[in-house]
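Q: Let me give you the structure first, and then I'll get to my questions.
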Amino acid sequence: MTGHANVLEIFNHGRREQFAGVRVTDGVLKRSGRMRVIRDQKEIFDGAITSMRHLKENVRELVNNFEGGVMVDGFHEYEEGDQLEGYEVQLTRR
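Numbered according to my numbering, the sequence shown spans residues 11 to 104.
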C-alpha cells in the first residue's frame, strides 16, 4: 500500500470519462501504480491509474495532504466520499 485518498468532487472529462478530485490522506499515490476504489468498506473496483493531475498539470505522484485529479482505467462511477487506495505490484523472480 503506497497511500490513501478521499474523493471530494467528480469532474467529467469527455462523454464517459471522469476524474476523481481527491485529497491524499496519507502516503503517496503514484501514477505508475494501481488503485482500489472502496465504497462502504467494500472494494468495488481495482485498476491501473491512467492519469494524475495537480492544478491542470500532469504529475507522477501526489503526496500527503495534496489535492489532485485521478483517473482509473475502466472506472467512471465515482461518488463523493469514496476512498482510494494506491498500491504497486512487485514482481519477484523464482
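C-beta atoms are modelled at their ideal positions from N, C-alpha and C, and glycine is treated no differently.
Have a look at Glu95, Asn75 and Thr60 and flag the residue whose alpha-carbon is nearest the alpha-carbon of histidine 23.
A: Position 13 of the sequence shown, counted from the first residue, corresponds to residue 23. Nearest of Glu95, Asn75 and Thr60 to histidine 23, Cα basis: Thr60.
Q: Considering only their Cβ atoms, is the gap separating arginine 41 from methionine 11 smaller than 7 Å?
A: Taking the first residue of the sequence shown as 1, we reach residue 11 at position 1. Taking the first residue of the sequence shown as 1, we reach residue 41 at position 31. Not in contact: methionine 11 and arginine 41 (Cβ atoms no closer than 7 Å).
Q: Look up lysine 52 in the DSSP assignment and give the residues it is bridged to.
A: In the sequence shown, the residue the question calls residue 52 occupies position 42. Bridge partners of lysine 52: Arg49.
Q: Among Arg103, Gln100, Leu94 and Val99, which has the Cα closest to the Cα of valine 18?
A: The sequence position of residue 18 within the sequence shown is 8, counting from 1. For the sequence presented, residue 18 should be read as leucine rather than valine. The candidate whose alpha carbon is nearest that of leucine 18 is Leu94.
Q: Is the distance from the Cβ of glutamate 98 to the Cβ of glycine 43 below 7 Å?
A: As a position in the sequence shown, residue 98 is number 88, starting the count at 1. As a position in the sequence shown, residue 43 is number 33, starting the count at 1. Result yes, Cβ atoms of glutamate 98 and glycine 43 sit closer than 7 Å.
Q: With a CB to CB cut of under 6 Å and the five nearest residues on each side skipped, what residues in its chain are close to glutamate 53?
A: Stepping through the sequence shown from its first residue, residue 53 is reached at position 43. Closer than 6 Å at Cβ, skipping near neighbours: Arg46.
Q: Note the first and the last residue of the continuous beta strand (DSSP E) segment covering tyrosine 97.
A: Counting from 1 along the sequence shown, the entry for residue 97 is found at position 87. That run of the beta strand (DSSP E) goes 93-97.
Q: Compute the beta-carbon to beta-carbon distance between valine 69 and valine 34, rounded to the nearest angstrom, for a pair I have assumed lies under 8 Å.
A: Start at 1 with the first residue of the sequence shown, and residue 69 comes out as number 59. Start at 1 with the first residue of the sequence shown, and residue 34 comes out as number 24. That pair is no contact at about 12 Å.
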